[in-house]
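Once you know that position 49 of the sequence shown is 48 in numbering that gives the first Met the number 0, the rest is easy, because the numbers rise by one and skip nothing.
For every residue, glycine included, the Cβ atom is placed at its ideal position computed from N, Cα and C.
Treat the numbers as computed from the prediction; the structure is a model and nothing was measured.
Heads up, the thing below is written out as structure tokens.
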Amino acid sequence: MKDLIAATLSGLCVVHCLATPLLLALGSSGLLLGLFSSEWFHYLMLLPISVLLAWSLPGGWCVHQRKAPFMLGLSGFLLLAAALFAPHDAETALSVSGGLLLVSAHLYNRKLLHKLQGLQHAAN
0 MKDLIAATLS
10 GLCVVHCLAT
20 PLLLALGSSG
30 LLLGLFSSEW
40 FHYLMLLPIS
50 VLLAWSLPGG
60 WCVHQRKAPF
70 MLGLSGFLLL
80 AAALFAPHDA
90 ETALSVSGGL
100 LLVSAHLYNR
110 KLLHKLQGLQ
120 HAAN
């Protein structure tokens with residue numbers, strides 16, 4: 000379940016990164032858009048992303064013994080962190096790439112854990 004929550008949160012991050020510039024370009028404004036486009040929102044989003052990353056992927060690695068989900072997740076998180084300090088031109092590309100890597104990492108981790116559970120149930 001935690002991988003689905005984390006993948007959803009990362010997916011929302013991707014939607015945010017793509018929708019905010021588009022809405023700004025279309026001239027939309029307002030309180031909600033102002034909140035989502037502010038710098039502190041990006042820092043705030045990294046908190047649950049990092050907690051879910053630390054809670055989900057290392058534990059999965061210990062169970063299924065595959066490094067790939069953890070490495071994908073770590074790479075995605077590092078890209079999100081780099082986007083905070085990158086020039087404005089690179090921010091969206093780094094954020095979207097990082098978010099997609101995080102979604103992939105959590106869904107792959109979930110798939111490996113379910114596959115392992117299926118094998119364990121078949122052995123019993």
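C-alpha gap between residue i and residue j, whole angstroms
i      : j      : result
Ala89  : Ala82  : 7 angstroms
Ala18  : Gln116 : 38 angstroms
Asn108 : Glu38  : 30 angstroms
Leu71  : Ser103 : 7 angstroms
Phe76  : Leu118 : 31 angstroms
Pro47  : Leu101 : 13 angstroms
Ala5   : Pro86  : 27 angstroms
Phe40  : His15  : 11 angstroms
Arg65  : Phe84  : 31 angstroms
Leu52  : Thr91  : 21 angstroms
Thr179 : Met44  : There is simply no residue 179 to check, as the chain begins at 0 and stops at 123 in what is shown.
Gly10  : Met0   : 15 angstroms
Tyr42  : Gly97  : 14 angstroms
His105 : Leu3   : 7 angstroms
Pro68  : Leu99  : 12 angstroms
Lys114 : Pro57  : 17 angstroms
Gly59  : Val13  : 24 angstroms
Residue range of the alpha helix (DSSP H) that includes residue i
i     : result
Pro68 : 67-84
Met44 : 38-63
Cβ distance (whole Å) where residue i is taken to contact residue j below 8 angstroms
i     : j      : result
Val62 : Leu112 : 6 angstroms
His79 : Ser94  : At residue 79 the sequence reads Leu, which differs from the His that was named. Sure, about 6 angstroms apart at Cβ, within 8 angstroms.
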